[in-house]
Amino acid sequence: MKTLYLRNVPDQVASRLKNLADREGMSVSAFALRELSFISRRADNAAILADLPDLQIPRSEILAAVKEGRAGR
144 MKTLYLRNVP
154 DQVASRLKNL
164 ADREGMSVSA
174 FALRELSFIS
184 RRADNAAILA
194 DLPDLQIPRS
204 EILAAVKEGR
214 AGR
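Numbering (my numbering), first residue to last: 144 to 216.
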């Protein structure tokens, strides 16, 4: 496992991270690791999407279905 050091963290960012970590009952390090782990998973999204088949459904049909679904709430 690697150790990561962050330099030049603005005071306001560090303070916000501390507040968020305190609310979760976590250390700043544990909180930052959890958040970075969550965010880093997004890097895989482009590859996942690229592997999906193209179903040749027009964007207008998709948007209409989403709009219809939202209207039915």
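Cβ atoms here follow ideal geometry from the backbone N, Cα and C, with glycine treated the same way.
As the structure is a prediction and not an experimental result, all values here were calculated from the model.
So, for residue i: in the same chain, excluding its five sequence neighbours on each side, which residues have a beta-carbon less than 7 angstroms away from its beta-carbon?
{"i": "residue 193", "result": "none"}
Got a sec, what are the start and stop residues for the alpha helix (DSSP H) residue i sits in?
{"i": "residue 162", "result": "154-167"}
{"i": "residue 182", "result": "171-183"}
{"i": "residue 188", "result": "188-194"}
{"i": "residue 150", "result": "Unbroken run through residue 150: none, as it is neither H nor E."}
{"i": "residue 206", "result": "202-214"}
My guess is that residue i and residue j are in contact by the Cβ rule of under 8 angstroms, so how many angstroms apart are they, rounded?
{"i": "residue 164", "j": "residue 158", "result": "With 8 angstroms as the limit, residue 164 and residue 158 do not qualify as a contact, their Cβ atoms being about 11 angstroms apart."}
{"i": "residue 173", "j": "residue 160", "result": "Not confirmed; about 11 angstroms, so no contact."}
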